[in-house]
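Chemist: Going by my numbering, the first residue of the sequence shown is number 71, and it counts up by one from there.
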Amino acid sequence: MPLPNAQNIGAGITVNAANDTFTVSTAGRYYITYQINLTAALLVSSRLLINGAANVASTIVPILSLSSFNNDIIVTLTAGSTITLQLFGLLGAATLINNSAGAALTIIRLS
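#1: Buried or exposed: Y100, going by 16 or more other Cβ atoms within 10 Å of its Cβ?
#2: Closer than 8 Å is the cut-off here; do at least three beta carbon pairs connect the segment 140–155 with the segment 94–111?
#3: For F158, count the other beta carbons within 10 Å of its own beta carbon; 16 or more makes it buried, fewer makes it exposed. Which is it?
#4: Between L136 and G172, what straight-line distance do the alpha-carbon atoms span, to the nearest angstrom?
#5: Beta-carbon separation of I102 and L166 under 9 Å?
#6: Are the CB atoms of T109 and N168 nearer to each other than 9 Å?
#7: Please state whether the Cβ-Cβ distance between Q156 and L119 is less than 9 Å.
#8: Alpha carbon to alpha carbon, what distance is there between T146 and I106?
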């Protein structure tokens with residue numbers, strides 16, 4: 071999921087040109103939180119992908135339609151680890167709210 075390009079990225083974290091994959095340059099423990107706000111409630115799930123693999127602790131699989139998702143985790147990452155935010159399980163399209171916080175991702179190195 072591409073994130074807004076008005077980002078405040080600190081030292082040690084880079085983002086690719088598509089604004090959908092973040093890479094940490096330093097190994098350590100990280101606090102990662104995300105928020106997703108859709109224009110309509112949908113029966114869709116959300117999660118973080120760490121190095122391309124689903125992070126179970128970050129996964130939200132609702133039983134009813136939602137328009138907002140948020141979760142946070144603390145995870146140990148190696149240098150060069152990648153983080154991607156993903157919506158999955160929807161047959162169709164999800165639209166982020168416009169001119170507001172449609173999606174946000176926060177990555178903070180703890181140690």
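From the three backbone atoms N, C-alpha and C, an ideal C-beta is built for every residue, glycine too.
Modeler: This is what the structure gives:
#1: By one-based count along the sequence shown, residue 100 stands at place 30. Y100 should be labelled buried.
#2: Contact between the segment 140–155 and the segment 94–111 is present, with at least three C-beta pairs closer than 8 Å.
#3: Mapped onto the sequence shown, residue 158 falls at position 88. It counts as exposed.
#4: Walking along the sequence shown from the start, residue 136 turns up at place 66. Walking along the sequence shown from the start, residue 172 turns up at place 102. The straight-line gap separating the alpha-carbon atoms of L136 and G172 is approximately 14 Å.
#5: Along the sequence shown, read from residue 1 onward, the residue named residue 102 stands at position 32. Along the sequence shown, read from residue 1 onward, the residue named residue 166 stands at position 96. Taking 9 Å as the Cβ cut-off, I102 and L166 do not qualify as a contacting pair.
#6: For the purposes of this step, residue 109 is taken as the residue at position 39 of the sequence shown. For the purposes of this step, residue 168 is taken as the residue at position 98 of the sequence shown. Contact flag set, yes.
#7: Start at 1 with the first residue of the sequence shown, and residue 156 comes out as number 86. Start at 1 with the first residue of the sequence shown, and residue 119 comes out as number 49. A distance below 9 Å separates the beta carbons of Q156 and L119.
#8: Working through the sequence shown from its first residue, we reach residue 106 at position 36. Working through the sequence shown from its first residue, we reach residue 146 at position 76. Near 23 Å, if we compare the C-alpha coordinates of T146 and I106.
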